[in-house]
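Structure record follows, encoded as structure tokens.
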Amino acid sequence: MCWRQHGGSGLGASLSEVLAMTTSDRDWFLERIGQQRSREAKEIEKAGKRRS
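Numbering (the working numbering), first residue to last: 9 to 60.
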């Protein structure tokens, strides 16, 4: 579950931070990571198309 973002969202967690989270916080964080990963993938794809 440890993850670092590509963009500047500031969303990231170390192993110790994840282990200290409550179950509901971890569930929220996992959902949020999925959303952020999708956004970042779209932005990376758009940036690649602009270069072409």
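Don't be surprised by glycine CBs; every beta carbon is placed ideally from N, CA and C.
DSSP three-state assignment for residue i, whether helix, strand or coil
{"i": "Thr30", "result": "coil"}
Beta-carbon proximity check, residue i vs residue j, cutoff 9 Å
{"i": "Leu19", "j": "Arg40", "result": "yes"}
{"i": "Ala49", "j": "Phe37", "result": "no"}
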